[in-house]
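Have a look at the structure below before the remarks.
Protein chains: 2
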Amino acid sequence: MGNKKVQKLPSIRRMPTYLHKLKQMRKNGLDTVSTTIMARYMNLEPIVIRKDLELTGVTGQPGVGYKIDELIDAIKSFLNWHNTAEAVLIGAGSLGRALLGYEGFEDYGLNIIAAFDADPSKIGAEINEREVFDINRLPEMTTRLQVNMGILCVPNEFAQEAADMMVEGGINAIWNFTNVSLDVPDHVVVQREVIASGLAVLSVKLNQQMLTD
Amino acid sequence: MGNKKVQKLPSIRRMPTYLHKLKQMRKNGLDTVSTTIMARYMNLEPIVIRKDLELTGVTGQPGVGYKIDELIDAIKSFLNWHNTAEAVLIGAGSLGRALLGYEGFEDYGLNIIAAFDADPSKIGAEINEREVFDINRLPEMTTRLQVNMGILCVPNEFAQEAADMMVEGGINAIWNFTNVSLDVPDHVVVQREVIASGLAVLSVKLNQQMLTD
DNA sequence: AAAATATAGATAAAAAAATATCGATACCCT
DNA sequence: AGGGTATCGATATTTTTTTATCTATATTTT
């Protein structure tokens with residue numbers, strides 16, 4: 000069915016936050032960090048952090064902590080973020096634009112090299128230095144440029160069609176921001192981002208909070 | 000420390016997807032659904048769905064399935080999405096704009112009634128029928144309007160400051176899209192959305208996929 | 001009407017994730 | 001230098017989540 004299970008998902012999801020904070024600490028001139036410090040920052044228990052970092056293979060120094068540089072490196076290679084991945088974005092609507100405008104991606108080894116859209120009024124435009132191409136050119140261009148990641152931000156009704164074009168163009172990783180569960184070949188991995196999931200969690204938290212007051 | 004742990008997180012995160020799909024099915028004239036059908040759609044195992052739905056208190060009919068109307072209702076009340084929540088959005092940058100433009104929120108019981116920003120060139124503008132106010136007016140306005148949810152989309156460096164203003168204005172639920180771990184009183188719940196988490200998961204999936212080829 | 005198939009619920013089992021404990025190591029302060 | 005404190009690593013435990021199994025109920029097919 001395409002999507003093998005990934006283990007340690009909660010840990011993996013925390014990695015980018017570690018990375019961000021570590022880079023910030025390094026900028027502030029620090030060179031070591033303890034899980035206590037990190038835990039305070041992230042509202043977690045130190046033991047959670049220690050277990051997460053164990054995954055990356057780094058070892059810390061008892062009594063001291065971890066070397067920030069080493070950690071940054073280890074997390075990056077754990078996520079395979081050492082080599083920048085090139086991606087294309089499909090759907091230059093408001094969400095697409097927001098993603099094109101997001102500065103943080105370079106920190107995460109992602110480089111969006113072009114956008115595609117079906118709307119003639121958008122084609123040819125330039126958004127944050129990335130050109131918007133006709134979606135019909137997608138298969139040809141991604142094949143030629145050897146891009147293997149696609150960020151899908153089209154309206155739901157065009158999602159499957161757009162995904163098909165990506166697959167045709169040799170893309171094998173799709174970051175899916177639509178509400179559609181895509182049907183893709185086994186070798187293609189899909190990560191679906193459901194924005195409302197966070198809202199659901201917030202709602203439940205708020206509820207529980209109000210009950211305990 | 001503010002954030003008690005929430006249980007069944009994965010199940011809660013799947014609820015909005017069930018809701019979306021169920022509404023779509025209802026529109027297509029269906030009135031019952033089995034976990035097998037739902038599972039096929041979501042690339043999950045039927046047992047997962049059954050366990051998730053159990054949380055909402057609905058019971059299905061062996062041999063038949065669940066009544067779609069009942070399910071929709073049960074999920075909504077599980078998430079407390081029966082009564083629309085009013086929210087304000089802080090930071091009318093590209094992400095803020097994208098959220099203001101997102102049509103799906105009404106399905107999820109969320110109504111963004113106004114936006115705030117510090118940039119004079121944005122103040123007074125109207126984005127998708129919502130006015131952008133001076134951020135200094137936030138505490139007064141949210142108090143008066145009795146809004147208790149805030150969506151935080153400002154640049155990282157202003158995040159804490161903006162959060163403080165929200166707290167001052169009586170907001171007790173913050174949906175945090177910044178990269179900052181906010182410091183808020185205990186009664187305020189925060190849900191942080193780390194966009195890069197999904198990218199991290201996708202990277203790891205892609206890696207594993209490539210290893211098994 | 002009987003047999004085959006599909007389904008949920010209850011209970012049990014397995015797997016994964018979070019948390020605790022304890023010993024060893026380093027740093028800091030007097 | 002010595003005592004107190006902070007820290008990590010290894011191991012064990014607990015909790016939570018996921019998955020399996022089995023039974024009863026409904027539907028469909030023959």
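As given, the protein sequences belong to chains A and B, one line each in that order.
Here the first sequence is numbered in numbering that gives the first Met the number 0, starting from 0 and rising by one per residue.
Here the second sequence is numbered in numbering that gives the first Met the number 0, starting from 0 and rising by one per residue.
The C-beta atom is built at its ideal place from N, Cα and C for all residues, glycine as well.
Please read all numbers here as calculations on a predicted model, not as lab measurements.
Close partners of residue 145 of chain A in chain B (Cβ separation under 9 Å) are lacking, with about 14 Å as the shortest Cβ gap. With contact defined as three or more Cβ pairs closer than 8 Å, the region 44-52 of chain A and the region 91-103 of chain A are not in contact.
Counting along the chain, residue 60 of chain B sits inside no beta strand (DSSP E), nor does DSSP assign it H or E at all. Put simply, the CB of residue 55 of chain B is far from chain A, with every gap to its CB atoms at 9 Å or more. In this structure, the CA atom of residue 111 of chain B is about 8 Å from the CA atom of residue 84 of chain B. Annotation: residue 82 of chain A to residue 44 of chain A spans about 31 Å, alpha carbon to alpha carbon. Closer than 9 Å to the CB of residue 26 of chain B there is not a single CB belonging to chain A. Annotated three-state conformation of residue 173 of chain B is strand, per DSSP. For residue 79 of chain B, a Cβ of chain A is located within less than 9 Å of the residue's own Cβ.
Counting along the chain, residue 110 of chain B sits inside the beta strand (DSSP E) bounded by residues 109-116. Under a criterion of Cβ atoms nearer than 7 Å, the residues of chain A adjacent to residue 197 of chain B are, in order, 174, 190, 192. Taking every protein chain shown into account, the CB of residue 210 of chain A has fewer than 16 other CB atoms within 10 angstroms, so this residue is exposed.
Between the region 61-70 of chain B and the region 154-162 of chain A, the count of C-beta pairs closer than 8 Å stays below three; the two stretches do not touch. The continuous stretches of beta strand (DSSP E) do not include residue 100 of chain A, which lies in the alpha helix (DSSP H) extending over residues 93-100. Taking all protein chains shown into account, residue 204 of chain A has 16 or more neighbouring C-beta atoms within 10 Å of its C-beta and is therefore buried. In this structure, residue 148 of chain A lies near residue 86 of chain A, with their beta-carbon atoms less than 9 Å apart. Pairing residue 108 of chain A with residue 202 of chain B gives a Cβ-Cβ distance under 9 Å.
Boundaries of the alpha helix (DSSP H) around residue 69 of chain B: 67-78. Three or more beta-carbon pairs drawn from the region 135-154 of chain B and the region 172-182 of chain B are found closer than 8 Å, and the two stretches are therefore classed as touching. Residue range 8-26 is occupied by the alpha helix (DSSP H) that includes residue 23 of chain B. By DSSP's assignment, residue 140 of chain B forms no beta bridge with any residue. Nearest to residue 196 of chain A by C-alpha distance, out of B/103, B/23, B/4, is B/103.
Sixteen is the threshold: since fewer than 16 other Cβ atoms of the shown chains lie within 10 Å of the Cβ of residue 30 of chain A, the residue is exposed.
Of all residues in the region 8-42 of chain B, only 8, 11, 12, 14, 15, 16, 19, 40, 41, 42 come within less than 7 Å of chain A when Cβ atoms are compared, listed by chain position.
Interface annotation, residue 131 of chain B: not in contact with chain A, CB-CB separation never under 9 Å. At a Cβ-Cβ threshold of 9 Å, residue 89 of chain B and residue 14 of chain B do not count as neighbours.
Beta-bridge partners assigned by DSSP to residue 148 of chain A: A/86, A/172. Within the model, the alpha-carbon separation for residue 126 of chain A versus residue 144 of chain A is close to 20 Å. When DSSP states are grouped into helix, strand and coil, residue 133 of chain A belongs to the strand group.
Contact with chain B is found for residue 100 of chain A, since one of that chain's Cβ atoms lies less than 9 Å from the residue's Cβ. For residue 198 of chain A, the closest C-alpha among the options B/194, B/190, B/162 is that of B/190.
Annotation: Cβ neighbours of residue 207 of chain B in chain A (cutoff 9 Å, chain order): 3, 5, 188. Listed by position along chain A, the residues whose Cβ is nearer than 8 Å to that of residue 49 of chain B form an empty set, because the closest Cβ is around 18 Å away. Residue 66 of chain B does not reach chain A, its nearest Cβ partner there being about 22 Å away, counting only Cβ pairs nearer than 9 Å.
For residue 200 of chain A, the uninterrupted alpha helix (DSSP H) segment begins and ends at 194-211. Our two residues, residue 58 of chain B and residue 32 of chain B, have alpha carbons roughly 12 Å apart in a direct line.
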